[in-house]
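Peer 1: Protein chains in written order, with my numbering: chain Z, 1 to 117; chain X, 1001 to 1116.
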């Protein structure tokens, strides 16, 4: 298994440009997540998905959009890049059984470093 | 009190020493607790889950004190390779508790440097 993969590894955007950060997992996990991590800060949840076709906002969703058309893929879209979106973006996945009550281990991708100038 | 609070460090510790750090959490309804390790410019990786009875994995021991709402991590016989940032992770509890997909809160991490 490759686990969670993310592309690109690094990107520089100009203000106002758009881009899609790709995330794929091959572990058949139902839950997927997008986080951002700013220097010296904890991870902040942007969006999450509990299964194909279902997405929901996390703590810091403004300026981002997601879709989950398949179990494997969970792309994150930035429509109008702003300097405040300069960060490291991590995608993660986990498996939780239906009706499960525990928060299960999350597996992270290697991250995408984004610089908006 | 912040949701999850950790001493950012850095903790500078000689190789072979024992080091311990704590994490406090604010939500008494939290049910799941973890320690993650994050190396410089890398993704977080699960180090260990923390169970009510405490648990040990090799040189690492994790403890949970629900009454005082803190979690601890003890590293014995520290190695140079233990140098990293250790993230305390707690589920939110309450609404979306347990299996709630939005339910994890990450601490900012404690930076550990093991010196030869």
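The beta-carbon is built from N, C-alpha and C at its ideal position, and this holds for glycine as well.
As the structure is a computational prediction, the values presented were derived from the model and not from experiment.
1. Please compile the residues from chain Z whose C-beta is within a distance smaller than 7 Å of the C-beta of residue 1046(X).
2. With H, G and I counted as helix, E and B as strand and the rest as coil, what does DSSP make of residue 1077(X)?
3. How many angstroms separate the CA atom of residue 1030(X) from the CA atom of residue 1070(X)?
4. What are the boundary residues of the beta strand (DSSP E) that includes residue 1046(X)?
5. With DSSP collapsed to three states, give me the class of residue 93(Z).
6. Where does the unbroken beta strand (DSSP E) through residue 1112(X) begin, and where does it stop?
7. Cβ-heavy atom distance between residue 76(Z) and the ligand ADP below 8 Å?
8. Roughly how many angstroms lie between the CA atoms of residue 182(Z) and residue 1077(X), to the nearest whole one?
9. List the whole-angstrom C-beta distance separating residue 1045(X) from residue 1051(X), where the pair is believed to meet the contact cut-off of C-beta under 8 Å.
10. Which residues in the same chain have their Cβ closer than 6 Å to the Cβ of residue 1009(X), if we skip the five residues on either side of it in sequence?
11. How many angstroms separate the CA atom of residue 113(Z) from the CA atom of residue 46(Z)?
12. Can you pull the chain Z neighbours of residue 1043(X), defined as C-beta to C-beta under 7 Å?
13. Is there a C-beta anywhere in chain X that falls below 9 Å from the one on residue 53(Z)?
14. Chain B partners of residue 27(Z), CB-CB under 8 Å?
15. Please determine, among 1059(X), 1105(X) and 1065(X), the residue with the shortest C-alpha to C-alpha distance to residue 1019(X).
16. Going by DSSP in three states, residue 1082(X) sits in which element: helix, strand or coil?
17. Taking just the CA atoms, how far does residue 17(Z) sit from residue 80(Z)?
18. What is the rounded straight-line gap between the Cα of residue 1094(X) and the Cα of residue 1021(X)?
19. Please go through the same chain and pick out, in chain order, the residues whose beta-carbon is closer than 6 Å to the beta-carbon of residue 1106(X), but skip the five residues on each side of it.
Peer 2: Taking the definition as stated:
1. Within chain Z, 105 have C-beta atoms less than 7 Å from the C-beta of residue 1046(X), given in sequence order.
2. If DSSP states are grouped into helix, strand and coil, residue 1077(X) belongs with coil.
3. Approximately 11 Å between the Cα atoms of the pair.
4. 1044 to 1050
5. strand
6. 1110 to 1115
7. The ligand content of the structure shown is nil, which means the ligand ADP is not present either.
8. In the structure as shown, chain Z begins at 1 and stops at 117. Residue 182(Z) is therefore absent and cannot be evaluated.
9. Actually they are not in contact, since the Cβ atoms of residue 1045(X) and residue 1051(X) sit about 19 Å apart, beyond 8 Å.
10. 1110 and 1111
11. Roughly 15 Å separates the two Cα atoms.
12. 90, 108, 109, 110 and 111
13. no
14. No chain B is present in this structure, whose protein chains are Z and X.
15. Comparing Cα positions, the closest option is 1059(X).
16. helix
17. In a straight line, the C-alpha of residue 80(Z) is about 5 Å away from that of residue 17(Z).
18. Note that residue 1094(X) scores a pLDDT of 46, beneath 50, so its modelled location is shaky; the value from the coordinates is reported in the next line. Those two C-alpha atoms are separated by around 26 Å.
19. 1087 and 1089
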